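In the UniProt record's numbering, the protein residues as written are 1 to 161. Every residue gets a Cβ at the ideal spot worked out from N, C-alpha and C, and that includes glycine. Keep in mind that this is a model prediction, so the values were computed, not measured.
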């Protein structure tokens, strides 16, 4: 079940890592395959950078990193708070270190506070354990949230459905 991406081989050869490709039809799929695993009950998102993501200076473009951060934080909110209907209001991105095409990025997010209408999140993007981007933001929550909250990943998000 290899799709040719570098992460497919990595995920298959290192089953202990628990990476699963995310079935997704959103704008973020323009990045390429996105990956998900669970760590301490929370989602971790993965993304294999490529040469096509580079800017004219040969590093991964900041817009690519911002898109991945926005997608990962929003999806984390959806999973951790069961917020099916939400939209980014504000996203702050601090670029700490360059990302080189070929690096595998991981994104982790924390829901700092969630009210009836707004959620506050922060997150990090890292390469090999080194933080390369810090981000924070606000998300608008709409009516229609799932009733139960928790960090357990739905079967579809685990790649089992």
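field: Close beta carbons around residue 39, own chain, < 8 Å, minus the five adjacent residues each side
entry: Locating residue 39 in the chain shown gives position 39, counting from the first residue. If we look at residue 39 and ignore the five residues flanking it on each side, its Cβ neighbours are 108.
Residue 100, buried or exposed, once every other Cβ within 10 Å from all chains shown has been counted against 16: What you label residue 100 is simply residue 100 of the chain shown in a count that begins at 1. Flag for residue 100 reads exposed.
- prompt: Out of curiosity, what's the CA-to-CA distance linking residue 28 and residue 65?
  reply: Translated into the one-based positions of the chain shown, residue 28 becomes position 28. Translated into the one-based positions of the chain shown, residue 65 becomes position 65. Going by the C-alpha atoms only, they are around 11 Å apart.
Residue 150, buried or exposed, once every other Cβ within 10 Å from all chains shown has been counted against 16: Along the chain shown, read from residue 1 onward, the residue named residue 150 stands at position 150. Reliability fails at residue 150, whose pLDDT of 46 lies under 50, so the model's placement of it is uncertain and the value that follows must be treated cautiously. With fewer than 16 Cβ atoms within 10 Å of its Cβ, residue 150 is classed as exposed.
Those residues which DSSP pairs with residue 126 across a bridge: The residue given as residue 126 occupies position 126 in the chain shown. BP columns for residue 126 point to 106, 131.
task: Check whether the Cβ atoms of residue 68 and residue 31 lie closer than 8 Å to each other.
output: Along the chain shown, read from residue 1 onward, the residue named residue 68 stands at position 68. Along the chain shown, read from residue 1 onward, the residue named residue 31 stands at position 31. Yes, they are a contact pair.
- request: Under the assumption that residue 106 contacts residue 46 (Cβ atoms under 8 Å), give the Cβ distance between them as a whole number of angstroms.
  value: Within the chain shown, residue 106 is the residue found at index 106, counting from 1. Within the chain shown, residue 46 is the residue found at index 46, counting from 1. Right, the Cβ-Cβ distance comes to about 5 Å (below 8 Å), so this counts as a contact.
- request: Label residue 142 either buried or exposed according to how many other C-beta atoms from any shown protein chain fall within 10 Å of its C-beta, with 16 as the threshold for buried.
  value: As a working mapping, residue 142 is identified with position 142 in the chain shown. Exposed is the call here.
task: Go ahead and pull the three-state DSSP assignment for residue 50.
output: In the chain shown, counting from the first residue as 1, residue 50 sits at position 50. Note: residue 50 maps to coil in three-state DSSP.
query: Under the three-state reduction of DSSP, which class applies to residue 64: helix, strand or coil?
result: Along the chain shown, one-based indexing puts residue 64 at 64. DSSP places residue 64 in helix when its eight states are reduced to three.
Alpha carbon of residue 137 to alpha carbon of residue 34, nearest angstrom: Start at 1 with the first residue of the chain shown, and residue 137 comes out as number 137. Start at 1 with the first residue of the chain shown, and residue 34 comes out as number 34. Going from the Cα of residue 137 to the Cα of residue 34 covers about 21 Å.
query: Whose CA, out of 81, 95, 140, lies closest to the CA of residue 131?
result: Residue numbering aside, residue 131 sits at position 131 when the chain shown is read from its first letter. Nearest option by C-alpha distance: 95.
query: What's the C-alpha gap between residue 122 and residue 80?
result: Taking the first residue of the chain shown as position 1, residue 122 is located at position 122. Taking the first residue of the chain shown as position 1, residue 80 is located at position 80. Using only the alpha carbons, I get a separation of about 13 Å.
- prompt: Looking at the structure shown, is residue 87 part of a helix, part of a strand, or coil, going by DSSP?
  reply: As a working mapping, residue 87 is identified with position 87 in the chain shown. Strand.
query: Counting along the chain, where does the beta strand (DSSP E) carrying residue 34 start and finish?
result: Locating residue 34 in the chain shown gives position 34, counting from the first residue. Where residue 34 is concerned, the enclosing beta strand (DSSP E) stretches over 34-39.
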